[in-house]
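Colleague: A single structure is presented below for examination.
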Amino acid sequence: MAGGKEIKTKIGSVQNTQKITSAMQMVAASRMRRTQQRMSEGKPYSNRIRSMIGHLANSNPEYRHAYMAERDVKRIGYLVVSSDRGLCGGLNVNVFRKLVNEMTAWNEKKVEIDLGLIGKKAVGFFRSYGGNVVTSVTDIAEDAEVEDLIGSLKVMMDSFEDGKIDRLFIISNDFVNTMTQEPTIRQLLPLEPEDDDAYQHRWDYIYEPDARQLIDGLVKRFIESQVYQAVVENTACEQAAKMVAMKNATDNAEKMVDELSLIYNNARQAAITQEISEIVGGAAAV
Amino acid sequence: MADMQCEIVSAEKEIFSGRITKLSAVGTIGELGILPGHAPLLTGVRPGPIHLSLENGEEEVFFASGGFLEVQPGLVTVLADTALRADDIDEAAAITAREEAQKALDENASEFDYGLAQARLADAAAQQRSIEELRKYRR
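Chain order of the listed sequences is A and B.
No gaps in the numbering here: position 86 of the first sequence is 85 in numbering that gives the first Met the number 0, and each next residue is one more.
No gaps in the numbering here: position 100 of the second sequence is 99 in numbering that gives the first Met the number 0, and each next residue is one more.
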């Protein structure tokens, strides 16, 4: 029975792997539901504040916030949102690929780039890829709070205020559906006016009590909510991608077990046939 | 009758979205009423009831614990820190919270955080006011 034993062991080990991946799939599925719920809860707020900021950037207030200043682009900043753990398919790689393409395009225009990283995978990637990493946060829990991100964010916002960077983008995954996650780049600073003709004429709000106080508060809230939402959404994407990746792994393991069993049975059959023909041959010789 | 779109969202969820004919809320420098056709306005919201008159003549009351209010032509947006339908506020809890905050203020111990207690009191009082307002319209 040539290799019968080895094949048997191999089947066993594949089956063990399959058990693990199918467990991980189930864990990811249950986590996905939770993270997805958090994502959809926060979405209305972040969308509304985004359009409010869009209106504000279109208006002509007597007080221009530092974040509204449109400058010549010499250096830009990226906040990169990635996951802390792997085993989630091409999720992080897609983000990095898109970002690297963008970075090359900027580099050709002689624009330098600062990076703020969120998540272990981004840190690992840029350690080997290179790049000017200014801040990084890792070990963001599933139930991330704004406070966890604020330090990293502050560094980027300050360097915008100080004129070190002229634009700030955030790149993260958009949750399209369970099967599809789309890496997306959004501009955080300077504040982007909403593309709507209705708001293009000269107008301004009535501010109560005064513009400075309101705009300061609103802008800060805006940035926080956008980054927080991006992180929450990325977590939902991570779980969804993980679930799909683990489902594929489980299915592949299943297929592999089938193939190996076939080989094993063939080998067993061959061994038996050989034995019989040896016995028959021996008997005929006698 | 003219109407406008109204959106109330809190950091946790969307609270209200629909056509209304009037909104009144407590702004940073006093109560304000918004009717359709109001000029663009941006203001802070203080803890208190937000009162809506719906298109179909019904009234709804919400409680917001602060945030921002924006008026655009034909659109009012309230970004609340936390917002509740007034029906959902537990009146007994609001009253207890108010009494406790008041008691803490009265005792006024030395190392006591005066600002925090005052904020809590204002919050509880505003919740209670929202409930009372809701009752008024129920009757």
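Quick reminder that beta carbons are idealized off the backbone N, C-alpha and C, glycines included.
#1: Please report the residue range of the beta strand (DSSP E) in which A:M155 lies.
#2: Do A:Q225 and A:I262 have their CB atoms nearer than 8 Å?
#3: State the DSSP-derived secondary structure class of A:E193, mapped to helix, strand or coil.
#4: By the 10 Å Cβ neighbour count, where 16 or more other Cβ atoms means buried, how is A:Q238 classified, buried or exposed?
#5: Does DSSP classify A:V285 as helix, strand or coil?
#6: Taking all protein chains shown into account, do 16 or more other C-beta atoms lie within 10 angstroms of the C-beta of B:Q117, making it buried, or fewer, making it exposed?
#7: Residues in the segment 43-65 of chain B with C-beta within 9 Å of chain A's C-beta atoms, listed in sequence order?
#8: Given this structure, state the Cα-to-Cα distance separating A:R267 from A:Q14, to the nearest angstrom.
#9: Got a sec? Which residues, its chain only, sit under 6 Å from A:E181 by beta carbon, not counting five neighbours each side?
#10: Please go through the same chain and pick out, in chain order, the residues whose beta-carbon is closer than 6 Å to the beta-carbon of A:M0, but skip the five residues on each side of it.
#11: Measure the C-alpha to C-alpha separation of A:H64 and A:I214 and round it to an integer number of angstroms.
#12: Going by other Cβ atoms of all chains shown within 10 Å of its Cβ, with 16 needed for buried, is B:P46 buried or exposed?
#13: Excluding the 5 residues flanking A:K7 on each side, which residues of the same chain have their C-beta closer than 7 Å to its C-beta?
#14: Give the residues of chain A in contact with B:S23, contact being defined as C-beta atoms less than 7 Å apart.
#15: Which residues in the same chain as A:L152 place their Cβ atom closer than 6 Å to its Cβ, once the five residues preceding and following it in sequence are excluded?
#16: Based on DSSP bridge pairs, tell me the residues matched to A:T183.
#17: To which residues of the same chain is A:G41 closer than 8 Å at the C-beta, ignoring the five residues directly before and after it?
#18: Is the shortest distance between the beta-carbon of B:Q4 and the beta-carbons of chain A less than 8 Å?
#19: Any idea which residues DSSP pairs B:H50 with across the strands?
#20: Is A:Y206 helix, strand or coil when you go by DSSP?
#21: Assuming A:I75 and A:R166 are in contact, meaning their beta carbons sit under 8 Å apart, how far apart are those beta carbons, in whole angstroms?
#22: Provide the residue(s) that pair with B:G66 in DSSP beta bridges, ordered along the chain.
#23: Since A:N100 is in the alpha helix (DSSP H), which residue starts that stretch and which ends it?
#24: Please confirm whether B:V44 and B:G73 have their CB atoms less than 8 Å apart.
Modeller: According to the structure shown:
#1: Within the first sequence, residue 155 of chain A is the residue found at index 156, counting from 1. Note, A:M155: premise wrong, no beta strand (DSSP E); alpha helix (DSSP H) at V145 to E160.
#2: The residue labelled residue 225 of chain A in the question sits at position 226 within the first sequence. The residue labelled residue 262 of chain A in the question sits at position 263 within the first sequence. In this structure, A:Q225 sits away from A:I262, with a CB-CB distance that is not shorter than 8 Å.
#3: As a working mapping, residue 193 of chain A is identified with position 194 in the first sequence. If DSSP states are grouped into helix, strand and coil, A:E193 belongs with coil.
#4: Reading the first sequence from its first residue, position 239 is the one you call residue 238 of chain A. Note on A:Q238: 16 or more other CB atoms within 10 angstroms of its CB, so buried under the neighbour-count rule.
#5: In the first sequence, residue 285 of chain A corresponds to position 286, counting from 1. In this structure, A:V285 counts as coil in the three-state DSSP scheme.
#6: As a working note, residue 117 of chain B is residue 118 in the second sequence. Taking all protein chains shown into account, B:Q117 has fewer than 16 neighbouring C-beta atoms within 10 Å of its C-beta and is therefore exposed.
#7: Of all residues in the segment 43-65 of chain B, G43 have a Cβ within less than 9 Å of some Cβ in chain A.
#8: Residue numbering aside, residue 267 of chain A sits at position 268 when the first sequence is read from its first letter. Residue numbering aside, residue 14 of chain A sits at position 15 when the first sequence is read from its first letter. If you draw a straight line from the Cα of A:R267 to the Cα of A:Q14, it comes to about 20 Å.
#9: Position 182 of the first sequence, counting from 1, holds the residue named residue 181 of chain A. For A:E181, same chain residues with a beta-carbon under 6 Å away, outside a window of 5 residues either side, are D173 and V175 in chain order.
#10: Locating residue 0 of chain A in the first sequence gives position 1, where the first residue counts as 1. Reliability fails at A:M0, whose pLDDT of 48 lies under 50, so the model's placement of it is uncertain and the value that follows must be treated cautiously. Hits under 6 Å: A270.
#11: As a position in the first sequence, residue 64 of chain A is number 65, starting the count at 1. As a position in the first sequence, residue 214 of chain A is number 215, starting the count at 1. If you take the alpha carbons of A:H64 and A:I214, they lie about 7 Å apart.
#12: If you number the second sequence from 1, residue 46 of chain B lands on position 47. Buried, because 16 or more other Cβ atoms sit within 10 Å of the Cβ of B:P46.
#13: By 1-based counting over the first sequence, the position of residue 7 of chain A is 8. Around A:K7: Y263.
#14: Here residue 23 of chain B refers to the residue found at position 24 when the second sequence is read from its first residue. Going along chain A, no residue has its Cβ under 7 Å from B:S23, so there is no contact; the nearest lies around 14 Å.
#15: Mapped onto the first sequence, residue 152 of chain A falls at position 153. Contacts found: V226.
#16: Counting from one through the first sequence, the residue named residue 183 of chain A turns up at place 184. According to the DSSP secondary-structure assignment, A:T183 is paired through a beta bridge with A:S171.
#17: To locate residue 41 of chain A, count along the first sequence from 1; it is residue 42. Within the same chain, and ignoring the five residues on either side of A:G41 in sequence, the residues whose Cβ sits closer than 8 Å to its Cβ are S224, Y227, Q228 and V231.
#18: Taking the second sequence and counting its residues from 1, the one referred to as residue 4 of chain B is at position 5. Not an interface residue.
#19: The residue given as residue 50 of chain B occupies position 51 in the second sequence. Bridge partners of B:H50: B:S23 and B:V60.
#20: One-based indexing of the first sequence puts residue 206 of chain A at position 207. A:Y206: strand per DSSP, three-state reduction.
#21: The sequence position of residue 75 of chain A within the first sequence is 76, counting from 1. The sequence position of residue 166 of chain A within the first sequence is 167, counting from 1. Correct: roughly 4 Å between the Cβ atoms.
#22: If you number the second sequence from 1, residue 66 of chain B lands on position 67. Answer is B:V44 and B:A79, bridged to B:G66.
#23: Translated into the one-based positions of the first sequence, residue 100 of chain A becomes position 101. Its alpha helix (DSSP H) spans residues L90 to E107.
#24: For this step, residue 44 of chain B is matched to residue 45 along the second sequence. For this step, residue 73 of chain B is matched to residue 74 along the second sequence. Between B:V44 and B:G73, the C-beta spacing is not below 8 Å.
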